[in-house]
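Undergrad:
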Amino acid sequence: MTYLRVALVSIVAISLQLTVFVDVRVFGVAPELLALVAILGGYFGGSQTGPVVGFAAGLLWDVYLPTHLGVSAMIFAVTAYIIGTLEAGLFHDSRGQVGTVVVVATMAIVVSYAFLNEILGVRGLINVEMLRVAAVSGVMNGVLSFVAAPAMKWAMAPTSARRGARVPVSRA
Amino acid sequence: MPPAQRAGRSRYRLALLVLTSITLLSLDFRSFGPLESAQSGVRDLLHPVTSIVDTGLSPIGDAWNAAFSYGDLETENQDLRRQIDEMTGHAIAVEANSAAFERLQRAVDIRFGEGIPTAVATVLRGEVGNFDTNVVTISKGSNSGIREGMAVVTGAGLVGRVSRADRTTSTVELVTDPSLIIGVRVVSTDEVGLGHGLAGEPSRFVIDQGPGWPEGGDPALLPRIGSAVVTATDSRYSAEIPIGTVVDVATPDGLAMVVTVELSNDVTDLGFVSVMLDIAPDEVPLLPVVPSTLVPIEIDPAQLDSAAGGGSTP
Chain A
257 MTYLRVALVS IVAISLQLTV FVDVRVFGVA PELLALVAIL GGYFGGSQTG
307 PVVGFAAGLL WDVYLPTHLG VSAMIFAVTA YIIGTLEAGL FHDSRGQVGT
357 VVVVATMAIV VSYAFLNEIL GVRGLINVEM LRVAAVSGVM NGVLSFVAAP
407 AMKWAMAPTS ARRGARVPVS RA
Chain B
173 MPPAQRAGRS RYRLALLVLT SITLLSLDFR SFGPLESAQS GVRDLLHPVT
223 SIVDTGLSPI GDAWNAAFSY GDLETENQDL RRQIDEMTGH AIAVEANSAA
273 FERLQRAVDI RFGEGIPTAV ATVLRGEVGN FDTNVVTISK GSNSGIREGM
323 AVVTGAGLVG RVSRADRTTS TVELVTDPSL IIGVRVVSTD EVGLGHGLAG
373 EPSRFVIDQG PGWPEGGDPA LLPRIGSAVV TATDSRYSAE IPIGTVVDVA
423 TPDGLAMVVT VELSNDVTDL GFVSVMLDIA PDEVPLLPVV PSTLVPIEID
473 PAQLDSAAGG GSTP
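As you go down the protein sequences, you meet chains A and B in turn. Mapped onto our numbering, the consecutive letters of the first sequence carry residue numbers 257 to 428. Mapped onto our numbering, the consecutive letters of the second sequence carry residue numbers 173 to 486.
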């Protein structure tokens, strides 16, 4: 059931990315909504569920990108794992902290995406423009996390917790 | 589950996911057919959803553009008015020229895409990610006969090539993409070469493989500024599709010629395009490289034989 809800959130994210955020760009940069799903998947799902959510979100994004299939999937899965691992000991479930984690992780994802594609032969991604894209999309994702975090928290909540049992939501 | 066991399981799961990604990457590099079909299937499956969302939320994008692109629109409007004035002034001359051109075309049987069926499509969206700045998605796909590699044009000339054809939509790699190599011909000198777009310059195209710098840099032998550039006969696409006009000719090393072209199409503002439904070859048919066997006239072949160990030529 959790994965169905995550699939629903991912479909909403990809639909918004392919429609609204083709036009709505800040300094020519769009937010990275599927990366946001992966980051929040790691944050709320921990190191076990998070990477699977990240992998699936990355794979969905790869289907639409002109670069090779599997690049985003790998980066999103690894990022979600790192966040999930750190989350267990370091993070507290506050809005400010979620936003900060999202900004930093999005920037790391954008830079990793450019580097991995460059290694795979896609030229022209590593430049000053890359840093600008990383910074702007990171900030946009950070702002959007205030809306996306409750949605992902709902999607990642165990079914038993939704039925009223006292199971911690963010420490899966 | 103990934390150590949980951590081990997480690492194992991550390793599996990374291995799966690497497998997908290697299959994608080999253009594995079933994988491409699966991707196409996912895009087709989600197309109705994105269409509905697009219809419902398009006012948001329109409002955003209206709010933040008003200055650009005003400038563009002024430019268009100026162009209309200029075009009105030239209308009579153009009419006379086009009549002459039609007669010439009939006389020498020159054809520009004549007889090739086309599919007219709407441009649905531009780039979706932050790094894929040279692609657009159009509203027709393999159901309309569109296949990968077909040329996409407008009345102004070449727009790009179909890089991905789903059932109801297609992705077009634009002529501005630096990685899209196109065989072209400079009309004024009749020289052919290979060209590509320039990163960050959506109106420019550069021909940097093929044409050689004339001995002594004789200006009479250089491509004329303003000369037309079209697709070459040996290119992936139909011949004589307009690319643009020459704006600069330079030589970085005194040997090769670099021709900069102003593209005839404004690919940043496309509404409708036509896909030429002809089968294109997969690769540019480059001529095979044959090592030169000519011996300079001042060298005695006998000297070469002795230098090579005294062996005799059979």
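Just so you know, even glycine gets a beta-carbon here, dropped at the ideal spot from N, CA and C. Nothing here was measured: the structure is a model prediction, and the numbers come from that model.
By the 10 Å Cβ neighbour count, where 16 or more other Cβ atoms means buried, how is glutamate 343 of chain A classified, buried or exposed?
TA: Residue 343 of chain A sits at position 87 when you count from the first residue of the first sequence. Glutamate 343 of chain A comes out buried.
Undergrad: What is the rounded straight-line gap between the Cα of methionine 257 of chain A and the Cα of valine 359 of chain A?
TA: Locating residue 257 of chain A in the first sequence gives position 1, counting from the first residue. Locating residue 359 of chain A in the first sequence gives position 103, counting from the first residue. Using only the alpha carbons, I get a separation of about 29 Å.
Undergrad: From the DSSP output, in three-state form, read off serine 223 of chain B for me.
TA: Taking the second sequence and counting its residues from 1, one reaches residue 223 of chain B at position 51. Note: serine 223 of chain B maps to helix in three-state DSSP.
Undergrad: Using CA coordinates, which residue listed in A/Gly340, A/Gly310, A/Leu274, A/Met396 is at the minimum distance from valine 327 of chain A?
TA: Counted from its first residue, the first sequence places residue 327 of chain A at position 71. Looking at the Cα atoms, A/Gly310 is the closest of the given residues.
Undergrad: Have a look at alanine 263 of chain A and threonine 326 of chain B and give me their C-alpha separation to the nearest angstrom.
TA: The sequence position of residue 263 of chain A within the first sequence is 7, counting from 1. The sequence position of residue 326 of chain B within the second sequence is 154, counting from 1. The alpha-carbon atoms of alanine 263 of chain A and threonine 326 of chain B are separated by roughly 39 Å.
Undergrad: Three or more beta-carbon pairs under 8 Å between the segment 353 to 360 of chain B and the segment 389 to 403 of chain B, yes or no?
TA: The segment 353 to 360 of chain B, when compared against the segment 389 to 403 of chain B, does touch it at the 8 Å Cβ threshold.
Undergrad: Return helix, strand or coil for serine 399 of chain B, following the three-state DSSP convention.
TA: Position 227 of the second sequence, counting from 1, holds the residue named residue 399 of chain B. Coil.
Undergrad: So is proline 457 of chain B in contact with chain A if we call contact Cβ pairs under 8 Å?
TA: Here residue 457 of chain B refers to the residue found at position 285 of the second sequence. For proline 457 of chain B, the predicted model reports a pLDDT of 48, less than 50, meaning its position is unreliable and no value from the coordinates is stated.
Undergrad: Quick one, which of B/Lys312, B/Gly369, B/Arg215 has its alpha-carbon nearest serine 342 of chain B's?
TA: Against the second sequence, residue 342 of chain B aligns to sequence position 170. Closest option to serine 342 of chain B, Cα to Cα, is B/Lys312.
Undergrad: Below 8 Å, can you find three or more Cβ-Cβ pairs linking the segment 214 to 224 of chain B to the segment 266 to 284 of chain A?
TA: Contact holds: three or more Cβ-Cβ distances are below 8 Å.
Undergrad: Using a Cβ-Cβ cut-off of less than 9 Å, list which residues of the segment 319 to 341 of chain B approach chain A; keep chain order.
TA: Listed by position, the residues of the segment 319 to 341 of chain B near chain A (Cβ gap below 9 Å) are Ser335, Arg336.
Undergrad: Whole angstroms are fine: how far does the CA of methionine 322 of chain B sit from the CA of glutamine 430 of chain A?
TA: Residue 430 of chain A lies beyond the residue range present for chain A, which begins at 257 and ends at 428; the question has no answer from this structure.
Undergrad: Should glycine 369 of chain B be labelled buried (16 or more other beta-carbon atoms within 10 Å of its own) or exposed?
TA: Start at 1 with the first residue of the second sequence, and residue 369 of chain B comes out as number 197. Under this definition glycine 369 of chain B is a buried residue.
Undergrad: Rounded to the nearest angstrom, what separates alanine 187 of chain B and glycine 180 of chain B at their Cα positions?
TA: The sequence position of residue 187 of chain B within the second sequence is 15, counting from 1. The sequence position of residue 180 of chain B within the second sequence is 8, counting from 1. Each residue's alpha carbon lies about 11 Å from the other.
Undergrad: Taking methionine 363 of chain A as the reference, give the member of A/Trp410, A/Val308, A/Val285 with the closest Cα.
TA: Here residue 363 of chain A corresponds to residue number 107 of the first sequence, with the count starting at 1. Closest option to methionine 363 of chain A, Cα to Cα, is A/Val285.
Undergrad: Can you round the beta-carbon distance between methionine 396 of chain A and glycine 297 of chain A to whole angstroms, since I take them to be within the 8 Å contact cut?
TA: One-based indexing of the first sequence puts residue 396 of chain A at position 140. One-based indexing of the first sequence puts residue 297 of chain A at position 41. With a Cβ gap of about 18 Å, methionine 396 of chain A and glycine 297 of chain A do not count as contacting.
Undergrad: Measuring alpha carbon to alpha carbon, tell me which of B/Arg339, B/Ala291, B/Leu207 ends up nearest threonine 195 of chain B.
TA: As a position in the second sequence, residue 195 of chain B is number 23, starting the count at 1. Nearest C-alpha to threonine 195 of chain B: B/Leu207.
Undergrad: Could you tell me which of A/Val334, A/Ala291, A/Gly340, A/Gly377 sits nearest to leucine 189 of chain B, measuring between CA atoms?
TA: Here residue 189 of chain B refers to the residue found at position 17 when the second sequence is read from its first residue. Measuring from the Cα of leucine 189 of chain B, the nearest candidate turns out to be A/Val334.
Undergrad: Which residue marks the beginning of the alpha helix (DSSP H) containing aspartate 279 of chain A, and which one marks its end?
TA: Here residue 279 of chain A refers to the residue found at position 23 when the first sequence is read from its first residue. Residues 276 to 279.
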